[in-house]
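Each remark here refers to the structure printed beneath this line.
Residue numbers (my numbering), protein chains in the order written: chain A, 9 to 191; chain B, 6 to 115.
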């Protein structure tokens, strides 16, 4: 029988059990790496480095985890802080490297297989805050309250990021709607 | 504010992309993280060991010095307390504590 998440966390908190933490990593590595890949606009190596830092910080800080939010929510908040600290040190964020944010639609003459690329391209033009809010609320289907906890922002600010991000994506990807597949 | 109906197609598109490539295979990632954690734990243990060895060494040196000078350890501790008044002992003690604290912090710094 699989050991529950609560039991694994308790083992790490009481005994600093590395095996138990290894099991927690296996359960959540995909979620954390996926999140950081979105935030770093697909830079896989950087995303994995940041994911490693996230889990190391989580191991060190797990004694302070009280279970007020879910473990995944707690991990995501660490990942978000690790990501922000990384770019704070560099004083630039991924969106700063985008040469020119298109005012109009991104390429819309594409096959179904290229839609993912177009969506990623459109997402990469959003600010980190908007991208994170969109990812958590629309792609991970977390509540806006959970996103607010993870991002350390007021609920109203998260709502604003989601709405502005959606508006910008809707403009950039308007071709999809006209094409009719999602409309 | 974006109308909910106007962006429903977008929300569906975002979800469909997310569901289609949701899982990332471990491919040694968790092993790498555990190795990094094990290295940090070893380094942490070594730093504490360095501090403990230093403190024990200082205490042994103090005990040896007092025995060689013909006093017991208790006498060696009591001697400055009788020789100096509190206006000297407190600041000197505070400065000594601060130095030990800074030393330990520096030794434990990652």
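Cβ atoms here follow ideal geometry from the backbone N, Cα and C, with glycine treated the same way.
Per DSSP, reduced to three states, the secondary structure at residue 76 (chain A) is coil, with no helix or strand assignment. Taking a C-beta distance under 9 Å as the contact criterion, residue 143 (chain A) and residue 80 (chain A) do not qualify as a contact pair. DSSP, read as helix, strand or coil, puts residue 89 (chain B) in coil. Within the stretch 31 to 42 of chain B, the residues whose Cβ lies closer than 9 Å to some Cβ of chain A are 31, 34, 35, 36, 37, 38, 39, 41 and 42, listed in chain order.
Here the stretch 159 to 173 of chain A lies against the stretch 131 to 145 of chain A, with 3 or more beta-carbon pairs under 8 Å apart.
The beta carbon of residue 28 (chain A) sits closer than 6 Å to the beta carbons of 16, 19 and 20 from its chain, once the five residues preceding and following it are set aside; these are given in chain order. With 16 or more neighbouring CB atoms inside 10 Å of its own CB, residue 33 (chain A) falls in the buried class. Neighbours of residue 56 (chain A) in chain B, taken as residues whose beta carbon is under 7 Å from its own, are 34 in chain order. Three or more Cβ pairs closer than 8 Å define a contact, and the stretch 89 to 100 of chain A meets that threshold against the stretch 54 to 68 of chain A. Listed along chain A are 64, 67 and 68, each with a C-beta nearer than 9 Å to that of residue 45 (chain B). Cβ contact annotation for residue 109 (chain B) (same chain, cutoff 6 Å, sequence separation greater than five): 56, in chain order.
Listed by position along chain A, the residues whose Cβ is nearer than 8 Å to that of residue 20 (chain B) are 146, 147 and 149. Put simply, of A:76, A:73, A:75 and A:86 the residue whose alpha carbon is nearest the alpha carbon of residue 39 (chain A) is A:86.
Within chain A, the residues whose beta carbon sits less than 7 Å from that of residue 28 (chain B) are 38, listed in sequence order. At a cut-off of 9 Å between C-beta atoms, residue 84 (chain A) does not count as an interface residue with respect to chain B. In the three-state reduction of the DSSP assignment, residue 85 (chain A) falls in the helix class, which pools H, G and I. Contact between the stretch 146 to 160 of chain A and the stretch 70 to 84 of chain A is present: 3 or more CB-CB pairs across the two stretches fall below 8 Å.
In the DSSP assignment, residue 62 (chain A) falls within the alpha helix (DSSP H) that extends over 52 to 69. Residues of chain A whose Cβ lies closer than 9 Å to the Cβ of residue 51 (chain B) do not exist, since the nearest Cβ in that chain is about 16 Å away. At least 9 Å separates the CB of residue 110 (chain B) from every CB of chain A. By the rule that beta-carbons nearer than 9 Å mark a contact, residue 181 (chain A) touches chain B. 24, 26, 27, 29 and 30: these are the residues of the stretch 9 to 30 of chain A whose beta carbon lies less than 9 Å from some beta carbon of chain B, given in chain order.
For residue 34 (chain A), the C-beta contacts it makes with chain B under 7 Å involve 31 and 35, in order along the chain.
A contact is defined here as three or more CB-CB pairs under 8 Å, and the stretch 32 to 42 of chain B meets this definition with respect to the stretch 62 to 72 of chain A. Leaving aside the five residues that flank residue 50 (chain A) on each side, the residues in its chain whose CB is nearer than 7 Å to its CB run, in chain order, 128.
At a beta-carbon threshold of 7 Å, the residues of chain B lying near residue 124 (chain A) are 22, ordered along the chain.
When Cβ-Cβ separations below 9 Å define contact, residue 161 (chain A) makes no contact with chain B.
Under the 9 Å criterion on CB atoms, residue 60 (chain A) is classed as interfacial with respect to chain B. The same chain holds no residue with a CB closer than 8 Å to that of residue 20 (chain B) once the five nearest residues on each side in sequence are set aside.
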